[in-house]
Structure formats: C-alpha cells, structure tokens
Amino acid sequence: MKVKMKTIFYNFSKKLQYACEEILLMLMFVFLLFYLRWITNHNYQHHLLITTRSTNKLNKQIFILAGQSNMAGQGGVHNFTWDGVIPRECQPNSNNILRLSVTIKWEIAHEPLNYAVDCLHNCGVGPGMAFANAILKQDPNFGVIGLVPCSKSGIGIHTWIRGNMPYDQLISRAKFSLKHGGTIRGLLWFHGESDTKDKYTARYYKAKVMKFIQDLRDDLKSPLLPVIVVVLRYPKEPFDRKFKFVNVVRQAQMDINLPNVIKVDANGLPVESDGLHLTTQGQIQLGNMMAQAFLNTKFQSLKYDSNKIYHMSG
Numbered sequence: 001m002k003v004k005m006k007t008i009f010y011n012f013s014k015k016l017q018y019a020c021e022e023i024l025l026m027l028m029f030v031f032l033l034f035y036l037r038w039i040t041n042h043n044y045q046h047h048l049l050i051t052t053r054s055t056n057k058l059n060k061q062i063f064i065l066a067g068q069s070n071m072a073g074q075g076g077v078h079n080f081t082w083d084g085v086i087p088r089e090c091q092p093n094s095n096n097i098l099r100l101s102v103t104i105k106w107e108i109a110h111e112p113l114n115y116a117v118d119c120l121h122n123c124g125v126g127p128g129m130a131f132a133n134a135i136l137k138q139d140p141n142f143g144v145i146g147l148v149p150c151s152k153s154g155i156g157i158h159t160w161i162r163g164n165m166p167y168d169q170l171i172s173r174a175k176f177s178l179k180h181g182g183t184i185r186g187l188l189w190f191h192g193e194s195d196t197k198d199k200y201t202a203r204y205y206k207a208k209v210m211k212f213i214q215d216l217r218d219d220l221k222s223p224l225l226p227v228i229v230v231v232l233r234y235p236k237e238p239f240d241r242k243f244k245f246v247n248v249v250r251q252a253q254m255d256i257n258l259p260n261v262i263k264v265d266a267n268g269l270p271v272e273s274d275g276l277h278l279t280t281q282g283q284i285q286l287g288n289m290m291a292q293a294f295l296n297t298k299f300q301s302l303k304y305d306s307n308k309i310y311h312m313s314g
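When the letters of the sequence shown are read in order and numbered with the UniProt record's numbering, they come out as residues 1 to 314.
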C-alpha cells in the first residue's frame with residue numbers, strides 16, 4: 001500500500017512539474033510576444049516622430065546638393081578610404097537636419113552625406129552638414145532642414161542636361177522631397193573640375209551651366225530658385241598642370257548673370273594631398289561661407305546684381 005501511494009505521489013509530482021514547466025514556457029512565450037509588440041510599436045512611434053518632423057510643411061526647408069566629388073565630400077579621404085572623423089560642426093542633429101537617402105526615404109542626416117548616392121567607402125566629409133548646422137546656429141528658428149544629396153563625381157557639365165541620368169535623378173529626388181510638403185530653399189552647386197582639363201569644355205562652361213540652372217528652375221517650377229555657386233579653387237602644384245583651364249571656368253562661374261545666383265569663392269581653402277579636394281576643415285569653412293551667403297542675401301522676385309562674390313574671410 002505504501003509503495004503504491006509513493007508511486008502515485010511520484011507520478012503526480014512529475015505531472016505537476018511538467019505542468020509548471022509548460023505554464024512557465026507559455027508565460028515566457030506570451031511575455032515575448034508582448035515585448036516584441038512593444039518594440040515594434042516603439043520603433044514605429046519613433047519612425048512616425050521622425051516622419052512627422054520631416055514632413056512638417058511649415059518647417060521643412062529643403063536644399064539640393066549637387067556637383068562633383070568635392071560636393072559629394074572627400075574630406076578625410078586618404079588612399080580611397082575615409083578616416084571616419086566627424087568634427088563638431090558636422091555632427092548630426094536628430095531634431096532638425098534630415099537627409100533624403102538613396103532609397104528615397106527621409107532619415108537623420110549624418111556624414112558621409114552623399115553615401116550610396118555616388119560613393120561608398122571613399123565618400124567623406126562634404127560641406128552639407130556644416131552648412132545646415134551653421135544655418136541653425138545663426139537662426140535657431142529656421143526650421144527642419146532637409147538635405148537632398150545628388151552629386152556625381154567626375155561628371156562634366158555636358159552630362160547635366162535633360163535626358164541624362166545625373167540631371168534626371170536630381171529632378172526626381174527634388175520632386176520627391178516635396179511629396180509630403182516643404183519648400184526647396186536653394187541649390188548648393190560645387191562643380192567644374194572636370195571641365196578645366198579641356199579648352200573646349202572650359203570655353204562653353206558658362207553657357208552650359210546657365211542652361212542647367214534655367215532648366216532646373218523650369219522643371220521644379222521655381223523660376224527664381226536661389227542657387228549658391230562655388231567658384232573653383234586653384235589646384236596646388238604640380239597638380240595644376242592637369243587642370244590647365246581652371247581660370248577659364250572660374251571666370252565663367254563668376255560671370256553667371258542670372259537672378260538669385262550668388263557665388264562663394266573656394267580659392268585659398270585647404271586641400272588634401274591630391275591638390276584638388278578640400279580637407280575636412282576646408283569643407284567646414286566652405287559650408288560656413290555658403291550658410292553666411294545664404295542668410296545675408298536678400299533674395300528678391302526681381303533681378304538683382306548677382307555678381308557679388310563671397311570670399312574666404314581672414
């Protein structure tokens with residue numbers, strides 16, 4: 001009898017143990033489901049917050065960034081690899097600076113700004129983040145800034161025309177940036193190095209870049225869209241031998257005679273060892289110069305003197 005009772009008690013204990021283990025597993029599974037649901041909802045709310053900021057029609061101030069490798073960003077790039085250094089002036093601002101990614105999604109802007117649009121491991125610091133941070137530093141009420149990087153390295157002015165990929169991609173990205181509201185406040189244009197190698201392309205640079213600006217304004221239905229043109233820096237010796245006609249392109253950029261076009265002269269800014277691309281500090285200085293030029297210029301609905309050129313201070 002005692003043996004039978006022990007057996008019954010033993011079997012009951014085992015069943016109870018198994019039942020407890022099953023209940024514990026079920027509770028853990030339920031907890032996991034609730035946790036995953038909370039994480040998903042939290043991430044969705046965070047995404048919704050970012051999306052709401054980026055699509056705020058009153059606050060989103062959009063700037064298109066286009067040109068060649070200097071606008072794409074080569075600051076801190078050595079032996080085709082970026083050093084990863086991000087100075088204070090180029091740090092992200094999760095509340096107020098957004099970037100339109102290559103997958104056409106708004107995200108928190110960060111260096112390298114032109115990543116995947118044109119370059120991968122060899123994409124470094126450009127002037128865009130420094131520009132946006134400088135704008136907000138001088139005008140904290142400026143609103144949320146949306147940056148739309150569209151630069152293509154090594155592409156001459158003859159390719160920036162309707163029907164060609166660089167131009168059409170720029171128009172497509174610019175139009176998408178307006179999809180949920182906002183205003184395109186300007187184009188930041190740093191271009192021309194490729195056109196300094198050949199006398200013919202240098203000679204016709206002015207006519208082609210003016211056509212580019214006029215077509216851009218027409219396609220975006222913004223006939224007086226502000227444009228900040230960076231006037232090329234003279235390359236350092238001995239690299240200047242490769243870019244023989246930089247003076248011709250520089251003069252063409254200075255002579256652009258269109259409304260709401262202002263120029264910022266990059267001459268004198270520090271360059272990398274290749275003698276052509278701006279260093280990280282050079283890009284920061286350029287970004288600050290462009291921000292100052294934008295904030296100091298009273299853009300008008302009528303044509304005004306666009307020949308004012310902003311030079312490096314000091």
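Just so you know, even glycine gets a beta-carbon here, dropped at the ideal spot from N, CA and C. Note that the structure is predicted; figures quoted are calculated from it, not measured.
- The shortest C-alpha to C-alpha distance from Pro-166 to any of Lys-175, Leu-178, Ser-151, Ser-177 is the one to Ser-151.
- Nearest Cα to Gln-91 within the set Leu-113, Phe-80, Pro-235: Leu-113.
- In the three-state scheme derived from DSSP, where H, G and I count as helix and E and B as strand, Asp-219 is classed as helix.
- Around the C-beta of Ser-94, fewer than 16 other C-beta atoms lie within 10 Å, and the residue is accordingly described as exposed.
- In the structure shown, Thr-201 falls within a helical segment according to DSSP collapsed to helix, strand and coil.
- Beta-carbon to beta-carbon, Met-290 and Ile-228 are separated by about 5 Å, close enough to satisfy the 8 Å threshold.
- Close CB contacts of Gln-253 within its chain, under the 6 Å cut and outside five residues either way in sequence, are with Val-229, Val-231 (chain order).
- At least 8 Å separates the beta-carbon of Leu-220 from that of Val-148.
- Apart from sequence neighbours up to five positions away, the residues of its chain that approach Tyr-115 with a beta-carbon distance below 7 Å are Cys-123, ordered along the chain.
- Here Lys-175 has Leu-220 as same chain residues with Cβ atoms under 8 Å from its own Cβ, once five neighbours each way along the sequence are excluded.
- In this structure, Ser-194 and Gly-154 form a Cβ contact; the two beta carbons are roughly 6 Å apart against a cut-off of 8 Å.
- In this model, Gly-128 and Val-77 are separated by some 16 Å (Cα to Cα).
- Within the same chain, Cβ atoms closer than 7 Å to the Cβ of Phe-239 are found at Asp-274, Gly-275, Leu-276, the five residues on either side in sequence being excluded.
- In the structure shown, Tyr-234 adopts coil according to DSSP, grouped into three states.
- Ile-256 and Gly-163 have their C-alpha atoms spaced approximately 24 Å apart.
- Lys-208 and Phe-245 do not touch by the CB rule: their CB atoms are close to 14 Å apart, not below 8 Å.
- For Ile-86 and Glu-111, the gap between their C-alpha atoms comes out near 7 Å.
- Glu-107 is bridged by DSSP to Arg-99.
- As the crow flies, the alpha-carbon of Cys-119 is around 21 Å from that of Ser-177.
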